[in-house]
Amino acid sequence: MKNFCVVFLALASVCSLFAEIKVPALFGNNMVFQQQKPIRIWGTAKPNSEVKILFNFKYTTTKANDKGHWRANLPAEKASFKNYSLTIFENNIPNVELKNILVGEVWIAGGQSNMEWRVSRADNLELAKNTVAKQKGKFRYFSHLNFSRIKQVEFSSTAKWLVVDDTNVPNLSSIATTFAQKLIADLNVPVGIVYMARGGTTMGAWTSDEYMKARPELREKYLEVKKALDAYNKTAYKKRKAEAQKIQDRARADKKAGKKVSGAELNAVARVSPVTPFSVAQTPTLWFNGMFKPMRNFCVRGVVWYQGESDADHPRLPFYKPSWYAMTDCWRNQMGDKSLPFVFVQLPSHESQWGDWAKGRFNQFELSKEDKYSYMATCVDLGEEHEIHPKDKTAVAQRLEKIALKYVYGKKHLNVDAPEVKSVSYNNNSAIVNIETFGRGLNLRGDIRGFEVLIDGKWCKALAQLNGNRIVVKSIDGKKVSGVRYLWKSWARPDVCLFNNDGLPLSTFEVK
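Those letters in the sequence shown? Residues 160 to 671, per my numbering, in order.
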């Protein structure tokens with residue numbers, strides 16, 4: 160026994176000499192590797208040392224460079240509920256062991272506050288808890304939060320993989336949770352979610368410097384912002400903070416005196432960032448640098464995306480499409496996957512005070528037709544008039560998951576496509592709108608409503624009649640019509656009246 164202890168201590172001492180290997184938090188206990196794609200892993204070690212990785216009885220060997228950085232690829236694996244271990248050797252000495260690893264489907268869940276919205280505050284709390292109990296250990300979730308002016312090499316130290324259970328599921332993204340749980344049930348594979356959302360963020364905040372500059376429509380404005388960002392230093396931060404302190408002190412005094420003050424004034428100091436003179440959520444590149452860049456080219460199946468509220472604001476709306484292409488091109492390039500699918504949520508109905516959500520929805524629809532690997536869940540029939548964060552996240556997530564099943568996983572028999580405009584023709588005082596129903600019919604709920612026609616350059620209320628898959632829209636006064644549109648308002652839900660046999664609505668459109 161004494162000799163054994165001596166040997167054990169000697170081995171421990173030897174191992175400590177080689178305790179150089181480190182891997183990012185993305186590679187940790189409880190993680191999920193994407194099935195049927197190469198397993199890419201990287202880290203640091205003692206400079207010029209040999210690094211060997213063992214996973215599922217397969218080895219791969221690489222060598223650290225002069226600075227100690229190394230990368231390696233392992234063969235693709237099939238999905239399995241078996242818990243694997245991954246061991247990393249440095250100069251043939253076992254150095255790092257990661258446990259409880261699954262192979263399955265990995266999705267990035269990205270966007271702003273509606274993707275961020277927790278299970279505990281949505282409509283699916285009990286369902287999520289009951290489902291996670293049935294799917295014990297099959298759902299994993301990578302949680303992290305960070306933003307930066309500088310591109311980060313790795314994730315923050317607090318980042319980690321969770322085995323989702325009934326105690327932590329209330330704190331997770333409601334959309335991502337339902338999406339993952341439905342995939343587990345329908346595909347019978349483990350699912351890992353890499354969470355990448357922050358309230359109020361714009362698409363530019365999730366895009367790299369290179370791709371912001373590459374888009375001619377974005378370049379000039381971005382360079383102005385970048386100039387101000389580069390000039391923002393400690394002195395400027397202290398000055399802004401002092402000014403904010405005065406505003407906050409005055410607001411709190413006014414509140415004490417019974418005067419009405421805004422929440423922004425009451426918390427003015429907290430809103431001043433040492434990183435940016437602008438909104439943290441809406442400064443270009445910050446969230447790309449802090450949260451996406453460290454992903455490098457880790458293999459995932461796709462991106463499920465709920466965002467657009469901030470980019471539908473009036474100042475940003477003209478740049479919606481170039482912002483989308485800049486971001487998606489950026490992500491696809493970094494991931495080394497030109498066909499990386501984005502399954503995204505169309506803006507639902509909501510009475511926005513700052514933007515034009517009808518135009519935003521139509522931009523999203525057009526993008527889903529222009530971008531071969533972007534797929535939209537039509538949601539104009541959902542949402543709340545005065546609450547930008549609707550509680551009904553289940554219906555949204557279910558639509559996203561069905562679209563993923565059909566277009567990402569090849570379940571072509573599924574009926575997931577909402578009806579859309581096929582063609583429009585004009586006959587003096589009427590517009591004839593032909594609808595593509597994808598074989599799922601077109602049904603009227605209540606009176607036909609929500610249509611307008613363009614007369615002499617002005618949009619006017621119109622009469623409409625449904626005839627099979629054709630809608631005839633007429634001017635009320637018999638004047639000549641040169642355009643037609645439907646649901647062209649931010650809060651459109653009361654006027655949504657046309658659905659297919661699967662309950663999916665005809666969405667916002669404008670043709671002129």
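C-beta: ideal position from N, C-alpha, C; glycine also.
- Residue pairing from DSSP places Gln193 in a beta bridge opposite Gly263.
- Distances from the alpha-carbon of Asn586 to those of Leu622, Val640, Gln466, Phe597 put Val640 closest.
- At least 7 Å separates the beta-carbon of Asp345 from that of Thr553.
- For the beta strand (DSSP E) assignment, the uninterrupted runs of no fewer than 3 residues enclosed by the stretch 298-384 are, from N- to C-terminal side, 298-302, 319-322, 350-356.
- Contact between the stretch 464-472 and the stretch 258-273 is present, with at least three C-beta pairs closer than 8 Å.
- Looking from the CA of Ala423, the closest CA among Lys405, Gly417, Ala416 belongs to Lys405.
- Note on Asp540: 16 or more other CB atoms within 10 angstroms of its CB, so buried under the neighbour-count rule.
- A residue is called buried once 16 or more other Cβ atoms fall within 10 Å of its Cβ, and Thr326, having fewer, is exposed.
- Between the C-alpha atoms of Glu543 and His509 there is a straight-line separation of about 6 Å.
- Under the rule that a run must span 3 or more residues, the beta strand (DSSP E) segments found entirely inside the stretch 394-468 read 461-465.
- Here the stretch 355-364 lies against the stretch 434-451, with 3 or more beta-carbon pairs under 8 Å apart.
- Spanning the alpha carbons of Asp413 and Ile267 requires a straight line of approximately 45 Å.
- A Cβ-Cβ distance of about 6 Å is found for the pair Asp654 and Leu646, placing them in contact under the 8 Å criterion.
- By DSSP's assignment, Pro253 forms a beta bridge with Phe248.
- When the beta-carbon positions are compared, Glu264 and Arg460 come within less than 7 Å of each other.
- For Phe447, the closest of Leu388, Ala335, Cys489 by C-alpha to C-alpha distance is Cys489.
- Per DSSP, the beta bridge partners of Phe610 are Tyr645.
- Here Asp472 carries a strand assignment [DSSP, helix/strand/coil].
- With respect to Ala403, Val420 sits apart: the two C-beta atoms are not nearer than 7 Å.
- Between Pro329 and Ser279, the beta carbon gap of about 4 Å places them in contact (Cβ cut-off 8 Å).
- DSSP places Thr290 in the uninterrupted alpha helix (DSSP H) bounded by 284-293.
- Taking each of Gly351, Leu559, Asp368 in turn and checking the Cα distance to Gln505, the smallest one comes out for Leu559.
- Of the candidates Ala356, Leu499, Ile591, Leu499 places its Cα closest to the Cα of Lys196.
- In this structure, the beta-carbon distance from Phe501 to Glu376 does not fall below 7 Å.
- Approximately 6 Å separates the beta-carbon atoms of Phe301 and Tyr354; this is inside 8 Å, confirming the contact.
- If the five residues before and after Glu595 are omitted, its C-beta is found closer than 7 Å to the C-beta atoms of Pro578, Glu579, Lys581, all from its own chain and listed in chain order.
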